[in-house]
Amino acid sequence: MKNIIQSLKGTRDFYPEDMAIRNWLYRNIRSVSESFGYQEYEGPFLESIALYAAKSGEELVKEQSFVFPDRGGDLITLRPELTPTLARMVAQRQRALAFPLRWWSFGPFWRYERPQKGRTREFFQWNIDLIGVDTPEADAELIAIAAQFLRQLGVQPGQINILVNNRRLMDSEFAALNIPAELRPGVLRLVDRRDKMSPADWNAYAIELGLTAAQFEGLQRLLANNDLWQKSPELVRTFAALDALGASPYVRFAPHIIRGLDYYTGTVFEAWDQAGEFRAILGGGRYDNLVSEVGGDPLPGVGFAMGDVVATLVLKKLGIVPDPAVLSPAPVLVTVFEAGMLLESFELANELRQAGIPVACYPEAAKLSRQLKFADRIGAKIAIVLGPDELASGSVAIKDLHLGQQAVVPRAGAVQYLRQLLASDSAS
RNA sequence: GUGCCAGUAGCUCAAUGGCAGAGCACCUGACUGUGGAUCAGGUGGUUGUGGGUUCGACCCCCAUCUGGCACCCCA
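If you want it as structure tokens, here you go:
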């Protein structure tokens, strides 16, 4: 690293192979979202800080957002999340929109945090929401979308689990244990941290909170009870709907899933890798008061967000992310036999492009071995040689670099032959 | 924002105060009409950056940047 100016902390350079993976993720997100009838939308990346003043967690705005004055002196923010923007967009056209809304988005977000593995300052996030319906079946639809995303990628049930809980259920259980309302936020934190602390520390934390021995005992019973969901009419309906939607293999009830954000009111869920090696892959839930803070009438909704960083880490670990070479946009390389034939190669490349075949042409004459090696390096599937022999006989030599086989075909039939090769190759 | 660990060739890592090295990768040749294999040779470094200590610093000290771990928070 001589005199190269470094990239900013927590940002990533997307080299073509990285970009290929990001776009692969985007394509899968799009196809799953659209398969459930969701429409893509997008908001500004820059927002007024006032938009976040009412909503979000206090910390998210005050501690974790990029905020700076523009040249006019107004404080603006690089958006740390999409929900406030969504709320505004819905409120602005509340009378004009056809509810229920099914909207999704995939774009960049920024948070001023200390980077770690799976956590950067600039990241991409899939947001998807169903707005205007307040039913357990709507909750199930969002969970089913997450499950379908995993299934479509080839994730096996059990490799990644979607863990589901319900805040109202936990609240009524806390009430049944006579845990006073003012203690419950602390108890939620306690539950959230069970896996992060030693049993002894966790126990001490509970007592410090002010829980009685009986309450602590009851809490532990709750967290060990995998049938607790049957006491929640909402969850009973949600799980029945998940069954009908074919999502059950990816979904489990988990009483310790709470989620940090205050605005969740009912069912909440998170996806985790089996080993718990990474952070949560996605998280979401039901909120019942989306737009009133930005001036609209209250609307119920359910949605989730998935960051690209953890998702890509986990999918790489599972061997699901394809080799970027497979995603190469230039599967065919036309070689240049000698300087005097450069334009012949250009003409051939043009012919093929006009027929709809993506083609890169070597830009100058060079040894064939060098050009074939280059074809290998850029992930080309096919190399075409056009030399004096082929020119004289009105043919081209077409080499399948994956199979190592070459055929000399009449130039008139080259397009057809290439289409077959490309189709068979992408199928494998 | 707090504490801790790390940073040496494109990558993975050696060298512990005394000549900056290896493997892989890359380039060239064997191979002037054919990629991956093999063999031979070669390029590549202000040791993250800036100061300090020392006859001498990759090594010790200070600062700073970046990455990672735990807090915090969450995608």
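Numbering follows my numbering, in which position 230 of the first sequence is assigned residue number 639; successive positions increment by one, without gaps.
Glycine included, each C-beta is placed from N, C-alpha and C at the ideal position.
In this text, all values refer to a predicted model and were calculated from it rather than measured experimentally.
- As the crow flies, the alpha-carbon of G619 is around 22 Å from that of R668.
- Annotation: G822 to F783 spans about 26 Å, alpha carbon to alpha carbon.
- Inclusion of D732 and Q568 in the CB contact set at 8 Å is not warranted, their separation being larger than that value.
- Here L637 has P664 as same chain residues with Cβ atoms under 6 Å from its own Cβ, once five neighbours each way along the sequence are excluded.
- The beta-bridge partner set that DSSP reports for A792 consists of L742, K808.
- Here the segment 705-715 makes contact with the segment 530-543; the two share three or more CB pairs at distances below 8 Å.
- Within a 10 Å sphere around the beta-carbon of I616 sit fewer than 16 other beta-carbons, which makes this residue exposed.
- Between the alpha carbons of L810 and R523 lies a distance of about 45 Å.
- Counting other Cβ atoms within 10 Å of its Cβ, G765 stays below 16 and is therefore classed as exposed.
- Sequence-distant Cβ neighbours of D604 in its own chain, meaning closer than 8 Å and more than five residues away, are H665, G685.
- Taken in chain order, the unbroken stretches of beta strand (DSSP E) that lie wholly in the segment 492-551 and span 3 residues or more are 510-519, 531-540.
- For P658, there is no enclosing beta strand (DSSP E), as DSSP gives it neither H nor E.
- About 7 Å separates the beta carbon of R497 from that of L460, a gap short enough to meet the 8 Å contact definition.
- In this structure, A774 and V745 form a Cβ contact; the two beta carbons are roughly 5 Å apart against a cut-off of 8 Å.
- Here I414 is exposed, its C-beta having fewer than 16 other C-beta atoms within 10 Å.
- Using a 10 angstroms sphere on the CB of G749, the tally of other CB atoms stays under 16, which defines it as exposed.
- Non-local C-beta neighbours of L644 in its own chain, meaning closer than 6 Å and more than five positions away in sequence, comprise N575, W638, ordered along the chain.
- The beta-carbon separation of L831 and P740, rounded to 6 Å, stays under the 8 Å limit for a contact.
- Inclusion of L586 and Q624 in the CB contact set at 8 Å is warranted, their separation being smaller than that value.
- If you compare the alpha carbons of R577, L742, D717 with that of V677, the shortest gap goes to R577.
- Inter-segment contact for the segment 475-489 and the segment 430-442 is absent: fewer than three beta-carbon pairs are separated by less than 8 Å.
- Taking C-beta atoms under 8 Å as the contact rule, L699 and L691 fail to qualify, at a distance of about 19 Å.
- Counting other Cβ atoms within 10 Å of its Cβ, T647 reaches 16 or more and is therefore classed as buried.
- Of G796, V768, S778, the smallest CA-CA separation from K790 is found for V768.
- DSSP lists S457, F477 as the bridge partner or partners of I485.
- Comparing alpha-carbon positions, the option among Q525, G627, E756, P509 lying closest to V718 turns out to be Q525.
- With a threshold of 16 other beta carbon atoms within 10 Å, R530 meets it and is buried.
- A Cβ-Cβ distance of about 7 Å is found for the pair R511 and F445, placing them in contact under the 8 Å criterion.
- L417 and P594 have their C-alpha atoms roughly 36 Å apart.
- About 7 Å separates the beta carbons of L757 and V805, which is inside the 8 Å limit, making them a contact pair.
- If you look at I569, you'll find it in the beta strand (DSSP E) that goes 569-575.
- Secondary structure at F713: strand, using DSSP grouped into helix, strand and coil.
- Distances from the alpha-carbon of A656 to those of A553, L795, A547, Y447 put A553 closest.
- Relative to V476, the option among T494, K640, L455 whose CA is nearest is L455.
- In this structure, V723 lies away from I793, with their beta-carbon atoms at least 8 Å apart.
- Taking each of Q814, A500, V730 in turn and checking the Cα distance to Q561, the smallest one comes out for V730.
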